Amino acid sequence: MNPSPQADPLRRSGEVWGDALLVAFILAALAFPAATWAQRWMVSPEGDGAFHVLSILAFQELFLHEEEPIAVLQAILGFTNAQAYPPLAYLIPGLLGALMGGIGLQGQVLLQFIWVFLTVGATFMLGRILFEDSQTGRPEGKGRRVSLLATMLVAFEPIMVVYVPEFLLELPATAMLMVTLVALARDPGLERRSSALVVGVASAGFLLTKWSAGFFLAPTLLFLGGRILRAGPRGQRQSALVILGLLTGTLMLSGLVATVFPPCQTFPLELVSWSSLLPLLAGLACALASLTRLTIRHISSGPVQNLLLGLLLASFLVAPYFSIHTSEVVESVVSHIRTTNNPGHMDYIESFLPQPFLLGAAWGLPAALLVGASLVWLAAAGPRGSFVLIGLPVLTGVVVRQSMLLIDYRYILPSLPLEILMVVGCLQTPRRIRALTAGFLLSLALWKALGWVAGCPVPVAPGHEDEIRATHPETIRPIVEALGQAVAEYAGEAPQLVWVLAPNHPNFEHNLQVLALDQGFPLVLRTAPGPDRAESLSAWVSVPRILACRLPDIDLQALHKLCAEPFENSPESWLLDLGHEGAPPKLPLPIPHLGPKIALPAPLWQEAHLQRILPSHALPPSQKGHPPASATGTGTPSPGENATP
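Numbered by the numbering used here, the letters in the sequence shown go through residues 939 to 1583 in order.
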């Protein structure tokens, strides 16, 4: 697993070009149908997907409109959201979108393929490195077959590609995990200083993608780090432990200070006050000095020094965000544990998600036997070091899955490419069945690839296509355009609050919010309180960020009221009713406070109309205490009739 530079299969020019052409062909087959497929199967994001895509758009607007580097850095460090997710998965597509001049929802969907491409390329490289013949220094035919078959299966795996338009963080987390494992596989003993730098950057990128990602990588890093320290000279080992202790203490102290004295933040960009981060900045200054000494000065470089170099670099990149948001991360971890272990809280619909690799059901008996046998083979007879790099993350994935009462396919995604690589390697080891299993795996990969090229990558249950059509952007876009134009007739370009009643589709305001901002309408959409929800929730935190960047002259206090004030205290607003035919909605306000109805184009199965929520002083004296005719469903005025209250 740690061959000499002359024997490294990735350094021989002929094989490098051959491998590059194979991977490029797979990526081309994956990329060319992407635009058509993504638009066909795309849904307007809601829930976590809406949350993530709005965060991406917020960073895109930040890079487009903010010219001060310090303000950009403060906004990145102070980035907060409801789940305390790190910003890297939003930062990269947001920056790329800004470099392209600002792209919409469909363009951001295509940018998500970057993570798939990274995963596919890293799978091939990891297979070639691990399944190399360590005796001759040349890759066996088995090694090339394993890496190629596993790469094809990963590239066209439905559970992988179906998450592209979902904007979930498991996709970038999977990509960064595979990149980190490739960096470790190239030099697991950290003999070279360049390897330590690459491992440090890759590990930091993985941890900055999603805080729970560390669970998959921690066992491997602890094992390899412990082995390096144990093999090093005693003096270096003691010095390294002292430095690690000081670094850990500095990080804990900075997190404690940031928890007790939260950084000063201003609405809506969450700018961080540097004075509240003195312990962290002091510790990072020491880390940077050590990093500079280890990197620039001509001193002896050994595995222990390189280990410290990688840890210092990773800490330097990761610590600013996690130290500032220590309390939020802890709170989010506890909340996730409660949520995933609360039966009935998360709805798992088996027909909505594709079947996993080679399985008829998630973690059924055949799957357990196949993966279990492959795991035993990997530990007993697998390539040297492969159990540490593949087996430990897979076992971590099993523990994560079994610790939750409710199954959600996205939790298995980071370990899925490793499971595929492990199973393919196991099936390709026995010579008697090698040809048979190779034919079966190749047929399976080609079947999935042809399904992808034909535009049918996801095996769906009856009714699933109707569900996709109901929340497809082109289905919802007419109602968003009519809504934005009707509000603009009265309010112009000023941001407006729209309360949404959608009894037949929970969280529909998420779909509308994403498309409204994507189309440039300055609307804040929130769920109105009703029978199913007693309180009105605040808007996603990225919504005011986007509006503040687009409208630099906006009154931030007024925007804050639109996004956070409860229903009974909210300023003048609008009511979008999706599903109530004729009967007035049950809202905590007098009926005369509703203006005339404006009919809107409705989604597939709903009726839609818009009404202004009027302040009591705006009502004519003749209407006070008496509902207008339109509020009872007896009339449907045109938009022009509603221009004035």
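A virtual CB, placed ideally from N, CA and C, is assigned to each residue, including glycine. Computed from a predicted structure; not experimentally measured.
Residue 1242 carries a helical assignment under DSSP once its states are collapsed to helix, strand and coil.
Using a C-beta cut-off of 8 Å, the region 986-998 makes no contact with the region 1054-1074, since fewer than three inter-stretch Cβ pairs fall below that distance.
For residue 1179, the number of other beta carbons within 10 angstroms of its own is below 16, and it is reported as exposed. With respect to residue 1486, residue 1462 sits apart: the two C-beta atoms are not nearer than 8 Å. In this structure, residue 1069 sits away from residue 1326, with a CB-CB distance that is not shorter than 8 Å. For residue 1549, DSSP records a beta bridge to 1513.
Per DSSP, residue 1423 is one residue of the alpha helix (DSSP H) stretching across 1411-1429.
In this structure, 1550 is the residue among 1112, 1324, 1550 with its C-alpha nearest to the C-alpha of residue 1434. Take the alpha-carbon of residue 1133 and the one of residue 1117: they are about 13 Å apart.
Around the CB of residue 963, fewer than 16 other CB atoms lie within 10 Å, so the residue is classed as exposed. Taking C-beta separations shorter than 6 Å and ignoring five residues to either side along the sequence, residue 1273 has no partners in its chain. Shortest Cα-Cα distance from residue 960 to any of 1012, 1159, 1082, 1047 involves 1082.
DSSP places residue 1050 outside both helix and strand once states are collapsed to three, so it counts as coil. Secondary structure note for residue 1438: its beta strand (DSSP E) is the uninterrupted segment 1434-1439. Put simply, the backbone Cα of residue 994 is about 39 Å away from that of residue 1242.
DSSP, reduced to helix, strand and coil, places residue 1267 within a helical segment of the structure shown. Between residue 1023 and residue 997, the gap from beta carbon to beta carbon reaches 8 Å or more. If you ignore the 5 residues before and after residue 1153, its C-beta comes within less than 7 Å of the C-beta of 1334, 1338, all in its own chain and listed in chain order. Counting only runs of 4+ residues, the alpha helix (DSSP H) found wholly inside the region 1058-1144 occupies 1079-1093, 1096-1099, 1108-1124, in chain order. Residue 1479 sits in coil when the DSSP states are folded into three classes, being neither helix nor strand. For residue 1000, the enclosing alpha helix (DSSP H) begins and ends at 986-1003.
No Cβ-Cβ contact shorter than 8 Å links residue 1253 with residue 1191. Taking C-beta separations shorter than 6 Å and ignoring five residues to either side along the sequence, the partners of residue 1312 in its chain run 1360, 1361, 1364, following chain order. Under the 10 Å beta carbon count, residue 1358 is surrounded by 16 or more other beta carbons and is classified as buried. The C-beta distance from residue 1109 to residue 1050 rounds to 6 Å, short enough to fall under 8 Å. Residue 1451 counts as buried, since at least 16 other C-beta atoms from the protein chains shown sit within 10 angstroms of its C-beta. Shown here, residue 1041 sits in coil according to DSSP, grouped into three states, outside any helix or strand.
For residue 1462, the enclosing beta strand (DSSP E) stretches over residues 1461-1465. With fewer than 16 other beta carbons inside 10 angstroms of its own, residue 1496 counts as exposed.
Between residue 1537 and residue 1417 a beta carbon distance of about 11 Å is seen, past the 8 Å cut, so the two are scored as non-contacting.
Taking the Cα of residue 974 as reference, the smallest distance to any Cα among 1514, 1390, 1512, 1460 is reached at 1390. Membership of residue 1535 in any alpha helix (DSSP H) is not indicated, and neither H nor E is assigned to it by DSSP. Residue 1548 is a Cβ neighbour of residue 1421, given a cutoff of 8 Å.
In this chain, the alpha helix (DSSP H) harbouring residue 1161 covers 1152-1169.
Taking C-alpha positions only, residue 1317 is separated from residue 1098 by approximately 27 Å.
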